[in-house]
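Asks: Questions regarding the structure given below will be posed in turn.
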Amino acid sequence: MLIIIIGLVIIAFAILFTFVPVALWISAWAAGVRVGIFTLVGMRLRRVIPHRVVNPLIKAVKAGLEININKLEGHYLAGGNVDRVINALIAAQRANIDLTFERAAAIDLAGRDVLEAVQMSVNPKVIETPFIAGVAMDGIEVKAKARITVRANIDRLVGGAGEDTIIARVGEGIVSTIGSAKTHKEVLENPDMISQTVLKKGLDSGTAFEILSIDIADIDIGKNIGAGLQTDQAEADKKIAQAKAEERRAMAVAQEQEMKARVEEMRAKVVEAEAEVPLAMADAFRSGNMGVMDYMNMKNVMADTDMRESIGKATDDGNDENTDRRKK
């Protein structure tokens, strides 16, 4: 019986030490943190891992923070990172930053790294943009790369825009500044005009950061966009002019073919009219309106006319030959 009793006692103590974190309770008591043993048992019943709440509490008490264990447990149950929140509160206290547990817990639950935000408030972060291209009024493309020095704004971390918004706004400011320059030489001579113009626009409004400075790290010349556009426009105008010229040529060819058709039509009419002449003469002979002598006289006149035309052509040819000989 004695052995059985001793075995039961050992089993009971094993179960007790497994279910009840006695070692953690002793560590908390040694650190000066008063945590009841029944509180630890209640954490087990609420499916809370005790050391993830008690260890950050010990750290906070040693750092001089007044934190209620119920708040830590509630933040853990809400899905937050208790240890990170405590580290952020300790860092904020050392840097004299006003940060309450409620705000730190809200920032952590919002998905942001509250410890990184506190560190960024103490040590500003530099964000480097890619090459951003803009076109000056003279048509020359200018590429600029900027380095943005930002500091986290604790008050605007919840609901504030992130780094992507800062980069997009700065890029928009760079493009508009380059586009308003009369020539690309102005931008190359005074690159600080970009940063000064962009800083005046208040690009950090509504974001989780405060822009401290914008520095142009690199600037380069790109393509001649204006010349390329003019070339493309000239090529397009040339193609349009060629198309219109081809259209006019096609219309002229069509009109020429139409005139040829009309000429052939008129020749057909002439041939048709000439075919009616013998018929009219035969009818004149039958009706007595024309005699044989009249017909012979008409033939003589026609022969005389042909002879005169032949003599005139021969005379003109002779004059042309005499003229050529005189010239020679």
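Residue numbering for the sequence shown follows my numbering, starting at 164 and increasing by one per position.
Here a beta-carbon is modelled for each residue, glycine too, at the ideal position from N, C-alpha and C.
(1) Would you mind giving the Cβ-Cβ distance between GLY385 and GLU304, rounded to the nearest angstrom? I have them listed as a contact below 8 Å.
(2) For PRO213 and ALA255, what's the separation of their Cα atoms in angstroms?
(3) On the three-pair Cβ rule with 8 Å, is the stretch 391-407 touching the stretch 327-346?
(4) For a minimum of 4 consecutive residues, which ranges assigned as the alpha helix (DSSP H) are wholly contained in the stretch 208-281?
(5) Contact defined as beta carbons within less than 8 Å: I believe GLU291 pairs with ARG310. What is the distance between those atoms, to the nearest angstrom?
(6) Could you check if ILE169 is buried or exposed, using at least 16 other CB atoms within 10 Å of its CB as the buried criterion?
(7) Between the C-alpha atoms of ASN460 and ALA424, what's the straight-line distance to the nearest angstrom?
(8) Can you find a heavy atom of the ligand COA that lies under 7 Å from the Cβ of ASP400?
(9) Could you check whether THR340 and THR312 sit closer than 8 Å to each other, using their CB atoms as the reference points?
(10) Okay, do the stretch 214-221 and the stretch 182-198 touch, 3+ Cβ pairs below 8 Å being the bar?
(11) Closest to ALA315 by CA distance: which of GLN418, LEU278 and VAL433 is it?
(12) Distance, Cα to Cα, SER376 vs LEU362?
(13) Between LEU235 and VAL245, how many whole angstroms is the CB-CB distance? I'm expecting something under 8 Å.
(14) Three Cβ pairs or more, each shorter than 8 Å: is that satisfied between the stretch 344-355 and the stretch 275-289?
(15) Starting from SER190, trace the beta strand (DSSP E) in both directions and tell me its first and last residue.
(16) Name the residue from LEU392, ARG209, VAL248 and MET422 whose alpha carbon lies nearest to the alpha carbon of ALA273.
(17) Taking all protein chains shown into account, decide if ASN233 is buried (16 or more other Cβ within 10 angstroms of its Cβ) or exposed.
Replies: If we stick to the structure as given:
(1) 3 Å
(2) Near 25 Å, if we compare the C-alpha coordinates of ALA255 and PRO213.
(3) no
(4) As summarised for the stretch 208-281, the continuous alpha helix (DSSP H) elements at least 4 residues long and confined to that stretch are 214-225, 232-240, 245-257 and 264-272, given in chain order.
(5) 5 Å
(6) exposed
(7) 38 Å
(8) Annotation note on the ligand COA: not contained in the displayed structure, which lists no ligands.
(9) Contact flag unset, no.
(10) Flag = yes, the stretch 214-221 and the stretch 182-198 touch.
(11) Measuring from the Cα of ALA315, the nearest candidate turns out to be LEU278.
(12) Looking at the two C-alpha atoms, the distance is approximately 7 Å.
(13) 5 Å
(14) no
(15) Premise fails: SER190 lies in the alpha helix (DSSP H), 185-193, not in any beta strand (DSSP E).
(16) VAL248
(17) exposed
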